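Colleague: Pasting in a structure now, in structure tokens, and then I'll have a few things to ask.
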Amino acid sequence: MTNSVKIAPSILSADFADLGAEIRRVDEAGADYIHVDVMDGHFVPNITIGPGVVKAIRPHTEKPLDVHLMIAPCDPFLEDFAKAGSDIITVHAEAGPHLHRSLQTIRALGKKAGVSLNPGTPDDVLDHVMDLVDLVLVMTVNPGFGGQGYIPLEGKISSIREKIKQTGRDIDLEVDGGINPDTAKKVIAAGANVLVAGTATFTGGPDKYAENIRAIRGQ
Ligand code: DX5
Ligand code: ZN
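Residues in the sequence shown are numbered consecutively from 150, following our numbering.
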């Protein structure tokens with residue numbers, strides 16, 4: 150299992166004044182996906198970036214751009230994020246009443262569709278959309294900020310891994326929030342195969358990125 154784990158550095162912890170170079174650095178340091186946190190100051194209590202920044206970073210890597218939309222409503226912006234060069238677009242189940250429609254829209258735009266669940270959201274919201282899902286993102290912090298402590302939700306991760314097995318499809322199970330080499334072991338054991346890491350990737354500066362990513366991967 151360990152060798153198939155993918156690491157998705159969250160650029161929320163990167164130097165925003167030097168974003169292109171930061172993305173090239175984490176790409177070269179072994180990132181599998183580039184995780185882009187989009188916040189609107191409404192669904193979550195923080196504001197980050199929009200589709201213009203996704204478009205600006207696109208030429209700096211060929212790795213998949215894993216775009217995590219913490220915005221409500223999300224539907225009016227899906228096309229902009231798709232055109233900007235996102236590969237995976239993840240929406241929150243809590244962001245509105247039309248999760249099924251949002252996922253259909255993302256698929257119709259030719260992108261992989263993800264669903265994210267806040268820590269307090271039960272995993273049964275996935276039951277009637279699994280055929281539209283390419284990735285499930287389990288939040289292990291309340292979304293809005295990097296650098297928060299991991300909330301232990303291994304039972305929920307295992308339960309979602311079981312649902313994924315039942316589909317027989319290759320759906321990513323991603324965990325986001327408070328991931329470091331210690332918590333990584335727990336979520337991998339519970340069935341996660343994609344780990345978002347902001348603080349744990351970028352801590353110590355560029356010379357440490359490769360070592361940090363290897364440590365999260367458990368190598
Ligand atoms: C939180 C974001 C995360 C965050 C992770 O709302 O979705 O992607 O950047 O940061 P760390 O890894 O520092 O917990
Ligand atoms: Zn995220």
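Note that the Cβ used here is the ideal one computed from N, Cα and C, for glycine as well. Being a predicted model, the structure only gives us computed values, none of them experimental.
(1) When the Cβ atoms of the region 252–269 are set against those of the region 284–295, are three or more pairs found closer than 8 Å?
(2) Should aspartate 325 be counted as a contact of the ligand ZN given a C-beta to heavy atom distance under 8 Å?
(3) In chain order, what residues of the same chain have a beta carbon less than 8 Å from the beta carbon of glutamate 303, not counting five sequence neighbours either side?
(4) Given this structure, state the Cα-to-Cα distance separating isoleucine 196 from histidine 277, to the nearest angstrom.
(5) Let's see if you can read the secondary structure: which residues bound the alpha helix (DSSP H) around serine 251?
(6) Could you give the uninterrupted runs of the alpha helix (DSSP H) lying entirely in the region 187–235, keeping only those of 4 residues or more?
(7) Look at alanine 359 and valine 154 and say whether their C-beta atoms are less than 9 Å apart.
(8) Take proline 194 and list the residues in its own chain whose beta-carbon comes closer than 6 Å to its own, dropping the five residues that flank it on each side.
(9) Give the single residue among Phe351, Asp272 and Ile156 whose Cα lies nearest to the Cα of glutamate 311.
(10) Between which residues of its own chain and tyrosine 229 is the CB-CB distance below 7 Å, once the five residues before and five after are set aside?
(11) Suppose the cutoff is 6 Å on Cβ atoms and the five residues either side in sequence are ignored; what does the same chain contact list for aspartate 215 look like?
Modeller: Taking the coordinates as given:
(1) Because the criterion of three Cβ pairs below 8 Å is met, the region 252–269 and the region 284–295 touch.
(2) Checking every heavy atom of the ligand ZN against the Cβ of aspartate 325, one is found closer than 8 Å.
(3) Taking C-beta separations shorter than 8 Å and ignoring five residues to either side along the sequence, the partners of glutamate 303 in its chain run Lys335, Val336, Ala338 and Ala339, following chain order.
(4) Looking at the two C-alpha atoms, the distance is approximately 31 Å.
(5) Serine 251 -> alpha helix (DSSP H) spans 248–257.
(6) The DSSP assignment places 200–206 and 227–232 as complete runs of the alpha helix (DSSP H) inside the region 187–235, in order along the chain (cut-off: 4 residues).
(7) Taking 9 Å as the Cβ cut-off, alanine 359 and valine 154 do not qualify as a contacting pair.
(8) These residues qualify, in order along the chain: Gly293.
(9) Nearest option by C-alpha distance: Asp272.
(10) Correcting the residue type first, residue 229 is aspartate in the shown sequence and not tyrosine. Contacts found: Pro200.
(11) If we look at aspartate 215 and ignore the five residues flanking it on each side, its Cβ neighbours are Ala157, Tyr182, His184 and Ile237.
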